[in-house]
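Chains X and P, in that order, give the protein sequences. In terms of the numbering used here, the first sequence has 177 at position 39, counting the first letter as 1, and numbering is strictly consecutive. In terms of the numbering used here, the second sequence has 384 at position 167, counting the first letter as 1, and numbering is strictly consecutive. Written below as structure tokens is the structure these notes are about.
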Amino acid sequence: MRLRLVPKETSFDFFKRWKLWLGVSALLMVMAFGSFMVQGLNFGIDFRGGTTIRTESAQPVDVGAYRAAIDSLEVGDVSITEVFDPTFEDDQNVAMIRIQAQDGEEAVTSAMVVAVQSALQQVAPDIEFASVESVGPKVSGELIKTAVYAVVLAIGAVLIYIWLRFEWQFALGAVVALVHDVILTIGIFSEIQIKFDLAIIAALLTIVGYSLNDTVVVFDRVRENLRKYKKKSLAEVLNLSINETLSRTVMTSVTTLLALVSLFVLGGDVIRGFVFAMIWGVIIGTYSSVFVASSILLYLGVKRDWSKPDNTAGNQFANIDA
Amino acid sequence: MLQIDLWKRVLILLTCVVGLWLALPNAFYSRVEQSNDADTAIALGGETPELRAQADQWPGWMPSGLVNLGLDLRGGAHLLAEVQVQDVYEARMQAMWPDVRDALRPERATVGTIRLHPSPADELRIRISQPDGMPRALEVVRGLARPIQTLSGVGSNDLAVRGENDVIIVTLTEAERMASDDRTVQQALEIIRRRIDEVGTREPTIQRQGADRILIQVPGLGSANELKDIIGTTAQLTFNAVVSRTGDENAQPGVGNKLAPSLNEEGLFYVIETAPVVTGEELIDAQPAFDQDGRPAVNFRFNPSGGRKFGDYTAENIGSPFAIVLDDEVISAPVIQSHISGGSGIITGQFTVKESVDLAVLLRAGALPAGMEFLEERTIGPELGQDSIDAGRVATMVAFAAVLVFMFLSYGLFGLFANAALILNIAMIFGLLSLIGGTLTLPGIAGIVLTVGMAVDANVLVFERIREELKTARGPSRAIELGYEKALSAILDANVTTFITAVILFAMGSGPVRGFAITLGLGILTSVFTAIFVTRVMIVIWFERRRPKTIEV
């Protein structure tokens with residue numbers, strides 16, 4: 139007896155309400171963008187400079203006392219949060235302290251960090267500093283720039299690859315789905331204010347890769363079926379292709395999610411935000427490859443006559459039946 | 218029909234064995250690490266029985282490459298320093314003054330008297346009393362310029378000289394600045410490397426980043442501040458002529474001179490000439506020593522040109538004091554007793570033994586050519602790294618188990634094949650990481666976990682395709698063959714696109730993100746290999762033995 143998440147034969151009509159799905163996605167994107175504009179992202183020090191100190195002590199964390207100790211040093215905006223995690227031991231009390239970049243300083247200010255550390259030692263004598271990280275504003279500005287370049291470059295490279303392997307309509311559909319995924323991921327980060335740092339950029343790019351993976355598998359089948367069923371309408375072919383690949387889509391998403399969820403629960407708090415972004419991305423990416431990428435394809439239409447040789451750019455690469 | 222040539226089978230098997238073989242040392246991480254360290258120690262400082270015993274913990278014929286653990290896993294210090302390349306312009310301009318003065322002196326008849334004029338740091342301004350002599354003065358000063366030896370700067374000189382009324386302005390040309398920046402950063406990199414090597418820590422990373430930055434990562438170091446203490450002191454040693462001594466810290470030193478505090482005597486200041494007689498760059502050796510009174514001191518020796526300059530200067534200035542200046546503080550200002558030839562001397566001051574040893578090390582390693590500004594500092598405690606490793610290990614195990622069980626439930630026997638390939642896959646990622654000396658970071662572990670999830674994708678694509686082909690009932694062997702054949706295009710497209718993002722991440726990312734890109738990229742390579750070749754061989758061998766009439770996938 140096999141475990142089957144998807145019945146052997148499915149014939150869901152994914153495109154009965156394709157305009158609705160596109161509408162829903164558009165609305166979600168607007169909401170994500172709105173949240174981003176109103177709240178903004180909770181940038182980590184990688185992107186806005188400053189210092190984070192991770193403290194560990196056997197005594198419970200007294201946020202008020204910590205704050206009082208640091209405020210007396212007048213170092214500007216300070217945020218202190220206690221960190222809880224199932225992987226911690228009983229006498230492991232962890233806090234994250236973030237201090238803004240000091241005014242007028244291009245480089246990092248280690249004297250300030252030393253002062254903060256000794257002030258905290260007054261409050262909690264057994265305190266240990268598990269990590270201390272400072273990023274100067276000069277670097278953080280560049281990191282933002284590089285991060286944006288990386289995401290744009292990745293999307294651009296993918297656009298070109300799919301264009302070469304398929305048709306421009308496919309490329310556009312895939313890229314709209316990607317942009318959708320990236321915007322919704324940024325949206326959720328701004329909405330629930332999870333710390334957005336360099337690792338999240340890595341997660342974003344992985345989401346780009348993953349979502350594309352899904353989209354490409356569906357498109358690959360669409361291309362095959364377009365050649366096979368010349369009489370069927372595009373909507374029918376799309377539907378058939380998605381139904382045929384549905385079992386695979388669900389299987390892969392589930393195995394990936396199984397792995398990610400175990401990392402989310404057990405992997406410790408340091409990478410939890412990163413893993414959260416990936417989980418979200420896998421879900422959104424699976425949704426978008428079915429409902430966004432294919433709907434865009436349906437909207438744009440595709441050239442159907444595959445029998446004649448085609449002179450459009452890139453078709454020479456499309457027939458590598460490796 | 219379903220078949221794979223024998224040589225292909227052997228090749229696939231061999232690849233797997235090599236992958237496992239390379240991954241093996243990682244299973245005995247601490248033992249191999251100790252053995253490797255002992256080997257290095259023996260190579261450096263000779264053999265002792267203890268070291269030999271440690272080295273023999275791991276047989277020499279086994280591979281000993283290990284996956285490097287990133288700072289976030291091992292703990293340590295990370296610094297991103299920006300070299301203040303413009304410091305060098307200033308030093309260059311100051312050093313020009315005596316040359317310009319000497320060159321213009323014979324021309325006094327035409328140019329009149331020559332005086333140093335206050336100027337911005339990266340310029341040298343000289344006023345001449347007879348503006349009519351300007352063309353001749355410019356000609357003479359231009360004669361001091363030297364051509365630049367770089368590929369881009371062919372045909373240009375290092376100095377730009379122009380006249381404004383009665384003032385000669387000397388600056389470095391743009392081409393020379395670029396060449397100088399490059400030299401400065403290279404030199405700083407070398408010196409930082411030497412200083413860190415003198416301290417002797419394991420596997421430091423010292424890399425140039427961009428035009429004027431240096432990334433330094435030292436695992437196992439207590440804090441970024443400690444690292445800064447090692448590399449942060451510039452140890453710029455110069456020997457300058459002393460103009461006067463004063464107790465007033467606001468004294469006006471006058472043009473061409475500067476005020477430097479005494480290192481040991483509080484409240485004592487020396488007015489010294491800004492242009493040094495000799496600099497520490499011309500030192501070839503420095504050793505801790507003791508002076509006649511048995512106090513710690515440092516012996517030094519100049520190279521021939523430094524020795525000559527020093528000798529000439531001491532011959533001409535017997536009876537007057539000169540200052541030994543370290544990082545703008547006067548260590549001592551002895552009076553020249555006699556002509557010092559031979560180019561060696563001794564620095565005495567109120568040192569402790571340790572200070573004299575440190576100073577000798579700094580002088581030997583050479584001075585940093587320019588100051589450093591630290592743009593990024595990170596310290597990761599070793600406990601946090603260990604916690605992350607532990608959490609990552611547990612999470613990977615659980616993820617692994619969940620996926621294995623799920624695959625078996627979904628695909629039965631074929632699921633087991635996929636599982637065997639998955640286990641092999643992870644081993645091969647570690648093998649490759651060890652081979653290329655890759656670094657495993659915390660996001661890298663996430664990359665591996667993600668690979669666990671995604672690696673089965675290629676197999677899933679194949680299996681699903683076999684299921685479909687089975688429906689058209691052309692017999693199991695044909696279905697398997699078609700399944701592999703038709704799934705291939707989707708597998709390649711899907712993985713190439715992910716690989717593209719991994720490459721971009723690697724190229725643009727840094728530190729942990731790069732670690733993630735490496736494991737993701739390697740994971741894609743190994744998962745495609747295992748899915749296309751390894752499971753296929755397994756299925757074909759199984760099929761040849763059993764010859765089943767029907768198969769269930």
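Idealized CB from N, CA, C, for every residue including glycine. What you are looking at is a predicted structure, and each value in this text was computed from that prediction instead of being measured.
Exercise for the section: Could you name the residues of chain X that S627 (chain P) contacts, counting a contact when the two beta carbons are closer than 7 Å? Expected result: Per Cβ cutoff of 7 Å: R140, L141 and M389.
Practice task
For E329 (chain X), decide whether its Cβ has a neighbour in chain P, counting only Cβ atoms nearer than 7 Å.
Solution key: The C-beta of E329 (chain X) comes no closer than 7 Å to any C-beta of chain P.
Practice task
Step through the CB atoms of chain X and report whether any lies within less than 7 Å of the CB of V666 (chain P).
Solution key: It does; some Cβ of chain X falls within 7 Å.
Exercise for the section: Would you mind sorting N712 (chain P) into buried or exposed? The rule is 16 or more other CB atoms within 10 Å of its CB. Expected result: Around the CB of N712 (chain P), 16 or more other CB atoms lie within 10 Å, so the residue is classed as buried.
Handout entry: Rounded separation between L709 (chain P) and Q434 (chain P) - CA only
Key = Taking the straight line joining both Cα atoms gives about 37 Å.
Exercise for the section: Check whether the Cβ atoms of T736 (chain P) and G664 (chain P) sit closer than 7 Å, and answer yes or no. Expected result: Yes, Cβ-Cβ distance for T736 (chain P) and G664 (chain P) is below 7 Å.
Exercise for the section: Alpha carbon to alpha carbon, how far is E686 (chain P) from L384 (chain X)? Give it in angstroms, no decimals. Expected result: When rounded, the distance between both Cα atoms is 16 Å.
Exercise for the section: Flag this pair as yes or no: are the beta carbons of N516 (chain P) and Q504 (chain P) separated by less than 7 Å? Expected result: It is a contact, given that the beta carbons lie within the stated cut-off.
Practice task
Would you verify that the beta carbon of G263 (chain P) is, or is not, closer than 7 Å to some beta carbon of chain X?
Solution key: With 7 Å as the cut-off, G263 (chain P) does not count as an interface residue toward chain X.
Handout entry: Y299 (chain X) burial status per 10 Å Cβ neighbour count (16 or more: buried)
Key = Taking all protein chains shown into account, Y299 (chain X) has 16 or more neighbouring C-beta atoms within 10 Å of its C-beta and is therefore buried.
Problem - Neighbourhood of F308 (chain X) by C-beta distance below 6 Å, restricted to the same chain and skipping five residues each side - result: Apart from the 5 residues on each side of it in sequence, F308 (chain X) sits with its Cβ closer than 6 Å to the Cβ of I300 and F357 in its chain, given in chain order.
Practice task
Helix, strand or coil for M614 (chain P), going by three-state DSSP, please let me know.
Solution key: Assigned with DSSP and collapsed to three states, M614 (chain P) falls in helix.
Problem - Contact residues within the segment 631–648 of chain P, judged by C-beta distance below 7 Å to chain X - result: Answer set for the segment 631–648 of chain P: empty.
Practice task
To the nearest angstrom, report how far apart I557 (chain P) and S522 (chain P) are at their CA atoms.
Solution key: Roughly 14 Å separates the two Cα atoms.
Practice task
Could you name the residues of the same chain whose beta carbon sits closer than 6 Å to that of F181 (chain X), not counting the 5 residues immediately before and after it, in chain order?
Solution key: Annotation for F181 (chain X): F334 place their beta carbon closer than 6 Å to its own, counting only its chain and skipping 5 residues before and after.
Handout entry: Sheet register partners of D502 (chain P) (DSSP bridge)
Key = Answer is P:R518.
Handout entry: Short Cβ contact (7 Å threshold) for F634 (chain P) with M755 (chain P)
Key = Contact flag set, yes.
Problem - Endpoints, the beta strand (DSSP E) within which T596 (chain P) is located - result: Here the beta strand (DSSP E) through T596 (chain P) covers M589 to I597.
Handout entry: Proximity test, S537 (chain P) beta-carbon vs the ligand NAD heavy atom, cut-off 6 Å
Key = No copy of the ligand NAD appears in this structure; indeed no ligand is present at all.
Practice task
Check whether the Cβ of P447 (chain X) lies closer than 7 Å to any Cβ atom in chain P.
Solution key: Unreliable placement is indicated for P447 (chain X), whose pLDDT of 48 sits below 50; no coordinate value is reported for it.
Exercise for the section: Between the Cα of M169 (chain X) and those of X:I338, X:D352, X:H318 and X:L436, spot the shortest distance and give me the residue it belongs to. Expected result: When C-alpha distances from M169 (chain X) are compared across X:I338, X:D352, X:H318 and X:L436, the shortest belongs to X:H318.
Practice task
Apply the 10 Å Cβ neighbour rule to V203 (chain P) and answer buried if 16 or more other Cβ atoms are within range, or exposed otherwise.
Solution key: Residue 203 (chain P) is absent from the model: chain P starts at 218 and stops at 770.
Exercise for the section: Could you check what DSSP says for A458 (chain P) in three-state terms: helix, strand or coil? Expected result: Of the three classes helix, strand and coil, the one that applies to A458 (chain P) here is strand, per DSSP.
Exercise for the section: Under 7 Å Cβ to Cβ from S745 (chain P), same chain only, skipping five residues before and after it: list those, please. Expected result: It should be pointed out that residue 745 (chain P) corresponds to Val in this sequence rather than to Ser. Excluding sequence neighbours, V745 (chain P) sits near A675, I708 and N712.
Practice task
Determine the DSSP secondary structure at N382 (chain P), reduced to helix, strand or coil.
Solution key: In the structure shown, N382 (chain P) sits in coil (DSSP, three-state: anything other than H, G, I, E or B).
Practice task
Give every residue of the same chain whose Cβ lies closer than 7 Å to the Cβ of Q259 (chain X), excluding the five residues on either side of it in the sequence, and list them in chain order.
Solution key: Cβ neighbours of Q259 (chain X) beyond the five flanking positions: I265.
Exercise for the section: Measure the CB-CB distance between I422 (chain X) and L350 (chain X) and report whether it falls below 7 Å. Expected result: 7 Å or more divides the Cβ of I422 (chain X) from the Cβ of L350 (chain X).
Exercise for the section: Flag P660 (chain P) as yes if its beta-carbon sits less than 7 Å from any beta-carbon of chain X, otherwise no. Expected result: Closer than 7 Å: yes.
Exercise for the section: With 7 Å as the threshold, decide whether the Cβ of M725 (chain P) is near any Cβ in chain X. Expected result: Using a CB distance cut-off of 7 Å, M725 (chain P) counts as an interface residue toward chain X.
Practice task
Measuring only between beta-carbons, confirm whether T715 (chain P) sits less than 7 Å from chain X.
Solution key: Yes, because at least one Cβ of chain X sits closer than 7 Å to the Cβ of T715 (chain P).
Handout entry: DSSP state of F539 (chain P) mapped onto helix, strand, coil
Key = Residue state, collapsed to three classes: strand.
Problem - CA-to-CA distance, P280 (chain P) to W238 (chain P), given in whole angstroms - result: Cα to Cα, the separation comes out at about 7 Å.
Handout entry: CA-to-CA distance, R425 (chain P) to Y530 (chain P), given in whole angstroms
Key = Cα to Cα, the separation comes out at about 39 Å.
Exercise for the section: Tell me where the alpha helix (DSSP H) around I155 (chain X) begins and ends. Expected result: The amino acid occupying residue 155 (chain X) in the given sequence is Arg; Ile does not appear at that position. Unbroken run through R155 (chain X): none, as it is neither H nor E.
Exercise for the section: Compute the beta-carbon to beta-carbon distance between A612 (chain P) and L404 (chain X), rounded to the nearest angstrom, for a pair I have assumed lies under 8 Å. Expected result: Between the beta-carbon of A612 (chain P) and that of L404 (chain X) there is about 4 Å, and that keeps the pair under the 8 Å contact cut.
Exercise for the section: Answer with yes or no whether the minimum CB distance from F750 (chain P) to chain X is below 7 Å. Expected result: Answer no: the Cβ-Cβ gap between F750 (chain P) and chain X never drops below 7 Å.
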